[in-house]
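Numbering (our numbering), first residue to last: 325 to 744. Heads up, the thing below is written out as structure tokens.
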Amino acid sequence: MPAEADPPVRPPQHAFVRYWLARVASGLGFQMLSVAIGWQIYALRGRALDLGLIGLVQFFPSVLLALPAGHLADRHDRRRIVLGGQCIEFAAVVALAVLTLRGHIDEAGILWLVLALSTAKALESPAMQSLLPALVSPAALPRAVASTSAAYQAAMIVGPALGGLLYVAGPGVVHLVAGACYLLAVLLVASLPGGPLRTRREPLSLATFFAGIHYIRRHRDLLGVISLDLFAVLLGGATALLPIFARDILHTGPWGLGILRAAPALGAVLTSLWLSRHALERHVGRWMFGAVAGFGVATLVFAVSTTLWLSTLALCLAGAFDMVSMVIRGSLVQLDTPDAMRGRVNAVNGIFINTSNQLGEFESGLLAACFGAVGAALIGGIGTLLVVALWMRLFPGLRHRQRLRMEDPELETPPGARSL
């Protein structure tokens, strides 16, 4: 990488703590919203497809805006981009709270506000992910990824449970508390130091716009980990169906839904806390494929369960397996990518992640409408196992990869990024 790309100046250590706290606050608010919005919109008509629509309106902005957002993250101050996105999210949540409390909300209004929030998150996401490597050394990055994931997963434990409890007082109360969490995140991000000034900026062209895609295509390990997440989670995720399982199969209420939503995070946070102290040193490829396969098996157990405790345990194990895979995948993407390309590579990665999450929710709702919630979860678990088997054959180098950071990584910068 040329010397003029970005000076290796690192913020003080407390900047990472603020970043960490900001992720906790925004994650807590988002998880509370997820419980409230899911239960709120399902209570309006009782249709499984409506739950899938929530995922669909989150999917389109994440795909359409990902590449422009990644290019912005490589050209401008990443902190300001994150700050602007979170301000819009805060405004959307406040509007949702006010309309709900005044009784002027309907299904269309909820979906429009979810769309606004998702649009802001799509613009913010590549810059947020690209901030982390500037706060820690490369050697500490895997543990930092695990620590940040632990913080976010801890918010996923508290958020759904708190959202379920507060829903007793009404969805508007949940939205107000979530708005306060977003306000805290805005203040924390605003207190972070500005990013490095990019005095030389390349003109926008097709080559620079799609440079992240070209870089991933040339690096088989990156292509493998990113596409594995897309297809495995696209098929195996059953989060959108939790309101159906809670009310119609497990016969519980909003508090039970909060427990189910928190269960994957419980397994994930315990695993991420362990990984934050014990970095994976060997056989990272096999660990990753094994973890995704375990996620699929846990999904199958959840699909056939008819008791709250077994469903909670299955979701807890699914979260633990997913965390192992996520830390490995996240570390590989950051360590195998030069800083001048991180915004655009993270943008492409975000497309795959959001496709698997949001479009996966729509896919789950559609399958549930056709085959029932149990049938949709069974299809998802089996599909995840088939994807793992196929990807192990398609990407043998990734399967045999030993370490997160290669001894002599070939981190060349594509022509489109040389002048950043």
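Backbone N, C-alpha and C fix where the C-beta goes; we use that ideal spot for every residue, glycine too. Only a predicted model underlies this, so the values are computations on that prediction, with no experimental measurement involved.
With contacts defined by Cβ atoms closer than 8 Å, residue 657 and residue 669 form a contacting pair. Between residue 599 and residue 612, the alpha-carbon positions lie close to 13 Å from each other. Out of 400, 417, 423, 427, the CA that lies nearest to the CA of residue 439 is found in 417. For residue 399, no alpha helix (DSSP H) run applies, since DSSP gives it neither H nor E. Between residue 567 and residue 366, the gap from beta carbon to beta carbon is short of 8 Å. In this chain, the alpha helix (DSSP H) harbouring residue 499 covers 495 to 514. Spanning the alpha carbons of residue 554 and residue 618 requires a straight line of approximately 16 Å. For residue 640 against residue 587, the beta-carbon gap comes to about 5 Å, under 8 Å, which counts as contact.
Per DSSP, residue 574 is not a residue of any alpha helix (DSSP H), being assigned neither H nor E. By the C-beta density criterion, residue 578 is buried, having at least 16 other C-beta atoms within 10 angstroms. In the three-state reduction of the DSSP assignment, residue 485 falls in the helix class. Counting of Cβ neighbours within 10 angstroms places residue 505 among the buried residues, the total reaching 16 or more. With a cutoff of 8 Å on beta-carbon distance, residue 381 and residue 442 are scored as near each other.
Counting only the Cα atoms, residue 585 lies some 12 Å from residue 363. Residue 483 and residue 693 have their C-alpha atoms roughly 28 Å apart. Residue 572 is classed as exposed because its beta carbon has fewer than 16 other beta carbons within 10 Å across all chains shown. Going by C-alpha positions, residue 401 is about 18 Å away from residue 460. In the assembly as shown, residue 627 is a buried residue. Its beta-carbon has 16 or more other beta-carbons within 10 Å. Residue 636: member of the alpha helix (DSSP H) spanning 632 to 659, first to last residue. Within the same chain, Cβ atoms closer than 7 Å to the Cβ of residue 673 are found at 550, 657, the five residues on either side in sequence being excluded. If you check the CB distance, residue 711 and residue 546 do not come in under 8 Å. By the criterion of a C-beta distance shorter than 8 Å, residue 601 is surrounded in its chain by 467, once the five residues flanking it on both sides are discounted. Taking every protein chain shown into account, the CB of residue 720 has fewer than 16 other CB atoms within 10 angstroms, so this residue is exposed. Judged by pairs of C-beta atoms under 8 Å, the region 695 to 711 does not touch the region 387 to 405, as fewer than three such pairs exist. Taking all protein chains shown into account, residue 424 has 16 or more neighbouring C-beta atoms within 10 Å of its C-beta and is therefore buried. The beta carbon of residue 414 sits closer than 7 Å to those of 503, 506, 507, 510, all from its chain and outside the five residues before and after it, given in chain order.
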